[in-house]
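Right, one structure below, let's go through it.
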Amino acid sequence: MTYSALLFIVGIFLIFLGGFSGIYLFRSSILKEKELKDINVANLWVLFLLGITFGLILCSFWFE
């Protein structure tokens with residue numbers, strides 16, 4: 073396994089992590105759950121933004 077393949081796998085994992093947190097954010101905004109605390113929403117936004125951003129950056133090494 074090469075280094076670029078390892079970066080690609082980690083990138084895909086981060087994209088899935090960001091995607092799942094985005095889906096949960098969307099679901100919780102539609103349901104408007106009262107028990108959802110602000111810190112949980114902030115954590116989900118951080119996971120979404122960092123997961124998608126770094127996942128795409130790491131996946132780009134595969135195509136170079």
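73 is the number of the first residue of the sequence shown in this note's numbering; add one for each residue after it. Note that the Cβ used here is the ideal one computed from N, Cα and C, for glycine as well.
Where do the N-terminal and C-terminal ends of the alpha helix (DSSP H) with F92 fall, by residue?
Counting along the chain, the alpha helix (DSSP H) containing F92 begins and ends at 75–103.
For the stretch 73–80 against the stretch 89–104, do three or more pairs of beta-carbon atoms, one drawn from each stretch, fall closer than 8 Å, so that the two count as touching?
no
Are there 16 or more other CB atoms within 10 angstroms of the CB of S132, so buried, or fewer, so exposed?
exposed
Close beta carbons around L130, own chain, < 6 Å, minus the five adjacent residues each side:
Closer than 6 Å at Cβ, skipping near neighbours: L79, V82, G83.
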